[in-house]
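**Q** Sequences listed follow chains A and B, in order. Mapping of the first sequence onto my numbering: residues 192 to 399, in sequence order. Mapping of the second sequence onto my numbering: residues -6 to 148, in sequence order.
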Amino acid sequence: MARRETPEINAGSMADIAFLLLIFFLVTTTMDVDSGISKKLSEKPPKDYVPPVIKEKNIFEVNINRNNELLVEGETMKIGELTAAAIEFIDNGGGDGKVIDGVSTGSCDYCKGARKATSSDHPNKAIISVQSDRGTEYGVYIKVQNELLRAYTELRNRLALDKYNVSYDVLEKQYKKDRDNADLKRKVEDIKTSYPQILSDAEPTSAN
Amino acid sequence: MSKFGKKKKPMPAVNTASLPDIVFMLLFFFMVTTVMRETELKIETPSLPNATEVKKLEHKSLVSTIYVGKAKDTKLGTGDKIQLNDKIATADDIPTFIFNERAPKSEEEIKYMTTSIKADVESSVGTITDIKLKLRDVNALKLSLSSRKIAEIKQ
Chain A
192 MARRETPEIN AGSMADIAFL LLIFFLVTTT MDVDSGISKK LSEKPPKDYV
242 PPVIKEKNIF EVNINRNNEL LVEGETMKIG ELTAAAIEFI DNGGGDGKVI
292 DGVSTGSCDY CKGARKATSS DHPNKAIISV QSDRGTEYGV YIKVQNELLR
342 AYTELRNRLA LDKYNVSYDV LEKQYKKDRD NADLKRKVED IKTSYPQILS
392 DAEPTSAN
Chain B
-6 MSKFGKKKKP MPAVNTASLP DIVFMLLFFF MVTTVMRETE LKIETPSLPN
44 ATEVKKLEHK SLVSTIYVGK AKDTKLGTGD KIQLNDKIAT ADDIPTFIFN
94 ERAPKSEEEI KYMTTSIKAD VESSVGTITD IKLKLRDVNA LKLSLSSRKI
144 AEIKQ
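Spelled out as structure tokens, the structure:
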């Protein structure tokens, strides 16, 4: 029997097949990373819970109505002006801070606000309360939340730059990479407690 | 000066033998990184709001997603619809949904479970509040309001 040579397989169309698969995966792939504004809901209060009395001046009230208009501390405002107004409120430092574990935090020595008697006492007492209508558009609600969070970020960055010569964003990133670093942890915690995020969502109003 | 005229070699063809290799490399890259959509959306793909202050969601396996938007099926009527897993539900079904998500997880992990709400920009805050209240009932307090990260918001 004559040994026939096996003919070589033509690999010329290999590229075509691979391209076809490649295009399929290119089309179906989604590379988006899930990201979002993180929130912590408050725990359900017990039935006989009496909310603590908070001084009016320590609450920054933001109302969004069904026409997506903003009412901040009783005055209408554009979304673009919200961050500045929030910073002014949080950073006011007009009085003494909260008493934590029996130790008074004293007056805010890192605040650069106007120290008005009519605005918040201390960043750890300053509460931002957002009340929206049931009919408010979700996009506007997120925008408002975002602007308020930006106020905190700006203040934290400023304080971190003053204290440690590095912005809070960078500090947090470094800490995420190196969780065991006690020094970094202390710094992050320090900035966090200096300007704690106290954002509360009030029950929404509704037409009926 | 005829030197130049004579030297007319044909252009050598570009060697394409390694083309499949390159393509395969790309192919494998996409095959590995691709994530097939697990749940079929019964609502119109929500257009997420933009925000600057976003945090990345970590530990994908500990995230349960709730979709909010308009139903694709017009028979279900207009208005906001909530989708859990692969069917349209109401806010009352959320506790069951959360318990189902928790069931296979260990006690340790439950603390880190996050609920991600993917809601359309045009949905109303009322629907989101209903969801929040239900989540609070079952003590699922970690929440992420899904939004796209952008560098700066144009006013």
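Virtual Cβ for every residue (Gly too), placed ideally from N, Cα, C.
#1: Could you name the residues of the segment 203 to 217 of chain A whose beta carbon sits closer than 7 Å to any beta carbon of chain B, in the order they occur along the chain?
#2: Quick one: what does DSSP say residue 366 of chain A is sitting in, helix, strand or coil?
#3: For residue 60 of chain B, write down the residues that DSSP places opposite it in a beta bridge.
#4: So what's residue 34 of chain B in DSSP terms, helix, strand or just coil?
#5: Only counting the same chain, and skipping five residues up and downstream in sequence, which positions put a Cβ closer than 8 Å to that of residue 287 of chain A?
#6: The beta strand (DSSP E) with residue 390 of chain A in it runs from where to where?
#7: Using a 10 Å radius around the Cβ and a threshold of 16 neighbouring Cβ atoms, would you call residue 94 of chain B buried or exposed?
#8: Between B/129, B/52, B/46, B/81, which lies nearest to residue 62 of chain B when the distance is taken from Cα to Cα?
#9: Roughly how many angstroms separate the alpha carbons of residue 226 of chain A and residue 6 of chain B, rounded to a whole number?
#10: DSSP state of residue 204 of chain A, grouped into three classes?
#11: Just the C-alpha distance for residue 130 of chain B and residue 235 of chain A, rounded to the nearest angstrom, thanks.
#12: Does the Cβ of residue 137 of chain B have 16 or more other Cβ atoms within 10 Å, making it buried, or fewer, making it exposed?
#13: Going straight from the alpha carbon of residue 141 of chain B to that of residue 41 of chain B, what length do you get?
#14: Looking at the unbroken alpha helix (DSSP H) that takes in residue 266 of chain A, where does it start and where does it end?
#15: Can you find a C-beta in chain B that's less than 8 Å from the C-beta of residue 319 of chain A?
#16: For residue 396 of chain A, which residues does DSSP report across the bridge?
#17: Could you tell me which of A/291, A/239, A/265, A/384 sits nearest to residue 248 of chain A, measuring between CA atoms?
#18: Would you say the segment 95 to 112 of chain B touches the segment 49 to 59 of chain B, given that touching needs at least three Cβ pairs under 8 Å?
#19: In the DSSP assignment, the alpha helix (DSSP H) including residue 380 of chain A goes from what residue to what residue?
#20: Starting from residue 228 of chain A, trace the beta strand (DSSP E) both ways and give me its first and last residue.
#21: What residues are listed by DSSP as bridge partners for residue 23 of chain B?
#22: Does the beta carbon of residue 220 of chain A come closer than 8 Å to any beta carbon on chain B?
#23: Rounded to whole angstroms, what's the CA-CA distance from residue 158 of chain B to residue 96 of chain B? Just pull it up for me.
#24: Please classify residue 337 of chain A as buried or exposed, where buried requires at least 16 other C-beta atoms within 10 Å of its C-beta.
#25: Can you name the residues of chain B whose CB is closer than 8 Å to the CB of residue 325 of chain A?
#26: With a threshold of 8 Å between beta-carbons, can residue 225 of chain A be considered close to chain B, or not?
**A** According to the data block:
#1: The segment 203 to 217 of chain A vs chain B, Cβ under 7 Å: 205, 206, 209, 210, 212, 213, 216, 217.
#2: As a position in the first sequence, residue 366 of chain A is number 175, starting the count at 1. In the displayed model, residue 366 of chain A falls within a helix according to three-state DSSP.
#3: In the second sequence, residue 60 of chain B corresponds to position 67, counting from 1. Answer is B/76, B/111, bridged to residue 60 of chain B.
#4: Taking the first residue of the second sequence as position 1, residue 34 of chain B is located at position 41. Residue 34 of chain B: coil per DSSP, three-state reduction.
#5: Your numbering for residue 287 of chain A matches position 96 in the first sequence. Residues 295, 296, 297, 298, 312, 313 of the same chain have their beta carbon placed closer than 8 Å to that of residue 287 of chain A, with the five preceding and five following residues left out of the count.
#6: Start at 1 with the first residue of the first sequence, and residue 390 of chain A comes out as number 199. That run of the beta strand (DSSP E) goes 390 to 392.
#7: Indexing the second sequence from 1 puts residue 94 of chain B at position 101. Buried, because 16 or more other Cβ atoms sit within 10 Å of the Cβ of residue 94 of chain B.
#8: The residue given as residue 62 of chain B occupies position 69 in the second sequence. That would be B/81, whose Cα lies nearest to the Cα of residue 62 of chain B.
#9: Working through the first sequence from its first residue, we reach residue 226 of chain A at position 35. Working through the second sequence from its first residue, we reach residue 6 of chain B at position 13. Rounded to whole angstroms, residue 226 of chain A to residue 6 of chain B spans 48 Å at the Cα level.
#10: The residue given as residue 204 of chain A occupies position 13 in the first sequence. Coil, per DSSP.
#11: The residue labelled residue 130 of chain B in the question sits at position 137 within the second sequence. The residue labelled residue 235 of chain A in the question sits at position 44 within the first sequence. Residue 235 of chain A has its alpha-carbon roughly 7 Å from the corresponding atom of residue 130 of chain B.
#12: Looking up residue 137 of chain B in the second sequence gives position 144. Only buried fits residue 137 of chain B, as 16 or more other CB atoms lie within 10 angstroms of its CB.
#13: Within the second sequence, residue 141 of chain B is the residue found at index 148, counting from 1. Within the second sequence, residue 41 of chain B is the residue found at index 48, counting from 1. If I take the Cα positions, the gap works out to 6 Å.
#14: Looking up residue 266 of chain A in the first sequence gives position 75. Unbroken run through residue 266 of chain A is the beta strand (DSSP E), 266 to 268; no alpha helix (DSSP H).
#15: Walking along the first sequence from the start, residue 319 of chain A turns up at place 128. Any Cβ of chain B closer than 8 Å to the Cβ of residue 319 of chain A would place that residue at the interface, and such an atom is absent.
#16: Position 205 of the first sequence, counted from the start, is the residue given in the question as residue 396 of chain A. In the DSSP output, where bridge partners are listed per residue, residue 396 of chain A has A/324.
#17: Reading the first sequence from its first residue, position 57 is the one you call residue 248 of chain A. Cα-wise, what sits closest to residue 248 of chain A is A/265.
#18: A contact exists between the segment 95 to 112 of chain B and the segment 49 to 59 of chain B.
#19: The count along the first sequence starts at 1 and reaches residue 380 of chain A at position 189. Per DSSP, the continuous alpha helix (DSSP H) segment holding residue 380 of chain A begins and ends at 373 to 385.
#20: Numbered from its first residue, the first sequence carries residue 228 of chain A at position 37. Where residue 228 of chain A is concerned, the enclosing beta strand (DSSP E) starts and stops at 226 to 231.
#21: Numbered from 1 along the second sequence, position 30 holds the residue referred to as residue 23 of chain B. Under the DSSP definition of a beta bridge, residue 23 of chain B lacks any partner.
#22: Against the first sequence, residue 220 of chain A aligns to sequence position 29. Yes, because at least one Cβ of chain B sits closer than 8 Å to the Cβ of residue 220 of chain A.
#23: Within the shown structure, residues of chain B are numbered from -6 to 148, placing residue 158 of chain B beyond reach of any answer.
#24: Here residue 337 of chain A is taken as the residue at index 146 of the first sequence, counted from 1. Looking at its Cβ environment, which holds 16 or more other Cβ atoms inside 10 Å, residue 337 of chain A is buried.
#25: The sequence position of residue 325 of chain A within the first sequence is 134, counting from 1. Result: 117, 118, 119, 122.
#26: Counting from 1 along the first sequence, the entry for residue 225 of chain A is found at position 34. Closer than 8 Å to some Cβ of chain B, the Cβ of residue 225 of chain A qualifies, so yes.
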